[in-house]
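J.: Input: one structure, supplied below.
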């Protein structure tokens with residue numbers, strides 16, 4: 006069992022606090038779904054989603070380590086009891102870090118990632134977290150648009166952080182102030 010309740014850069018930007026759109030269910034006919042804790046029994050489905058959606062997927066052992074460690078919050082969105090997306094967070098002091106958020110390619114662009122992140126942000130606020138961090142591939146402009154809509158601001162770049170084919174790609178670091186500011 007997780008030690009957290011279920012969900013729902015170091016530079017401080019002069020920007021706005023994060024906002025929630027109040028979305029309660031994904032758009033575009035996603036239909037009945039649930040968000041629940043990820044379990045070891047979900048590993049095959051989660052790994053399949055990761056492999057289908059990521060250029061450099063995490064290993065199964067990496068997922069297993071996160072699920073079995075109380076310092077991580079691992080959740081899946083299911084449709085008809087089958088995982089279609091997942092979110093992995095960690096917390097350090099008053100910070101929440103989005104480590105991985107992935108939606109199966111067939112289910113993308115239906116508001117699922119937004120739903121997961123909004124619920125995570127709402128829970129982080131309730132738990133008195135002051136900031137949420139994430140990193141995203143420089144080429145993943147669709148995700149960057151979503152993160153900006155949710156109130157994230159760019160706070161840095163990690164050069165050549167991600168592997169990409171025979172080369173590397175920068176990671177864009179983003180943060181969202183959840184409360185009165187980062188402590």
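In this note's numbering, the protein residues as written are 6 to 188.
C-beta: ideal position from N, C-alpha, C; glycine also.
Treat the numbers as computed from the prediction; the structure is a model and nothing was measured.
Between which two residues does the alpha helix (DSSP H) holding residue 151 run?
T.: What you label residue 151 is simply residue 146 of the chain shown in a count that begins at 1. Looking at the DSSP string, the run of the alpha helix (DSSP H) that includes residue 151 is 146-154.
J.: Pick helix, strand or coil for residue 52, following the three-state DSSP scheme.
T.: Working through the chain shown from its first residue, we reach residue 52 at position 47. Three-state result, residue 52: helix.
J.: Tell me which residue opens and which closes the beta strand (DSSP E) that residue 91 is part of.
T.: Counted from its first residue, the chain shown places residue 91 at position 86. Counting along the chain, the beta strand (DSSP E) containing residue 91 begins and ends at 87-97.
J.: Which same chain residues end up closer than 8 Å to residue 56 when comparing Cβ atoms and leaving out the 5 residues on each side of it in sequence?
T.: Translated into positions along the chain shown, residue 56 becomes position 51. Counting only Cβ-Cβ distances below 8 Å, and skipping sequence neighbours, we find 62.
J.: Can you check the region 101-134 for any alpha helix (DSSP H) of at least 4 residues that lies completely inside it and give the ranges in chain order?
T.: For the region 101-134, whole alpha helix (DSSP H) runs of length 4 or above, ordered along the chain, are 117-131.
J.: Give me whichever residues DSSP pairs with residue 173 in a beta bridge.
T.: Locating residue 173 in the chain shown gives position 168, where the first residue counts as 1. DSSP output for residue 173 lists 168 as bridge partner(s).
J.: Report the rounded CA-to-CA distance for residue 270 versus residue 110, giving the unit in angstroms.
T.: Because the chain spans 6 through 188 in this model, residue 270 falls outside it and cannot be assessed.
J.: Based on the DSSP secondary-structure assignment, which residues constitute the bridge partners of residue 137?
T.: Position 132 of the chain shown, counted from the start, is the residue given in the question as residue 137. Residue 137 pairs with 101, 181.
J.: Against chain D, does residue 50 count as a neighbour if the rule is that its beta carbon must be under 8 Å from one of theirs?
T.: This model lacks chain D altogether, as it is built from one protein chain only.
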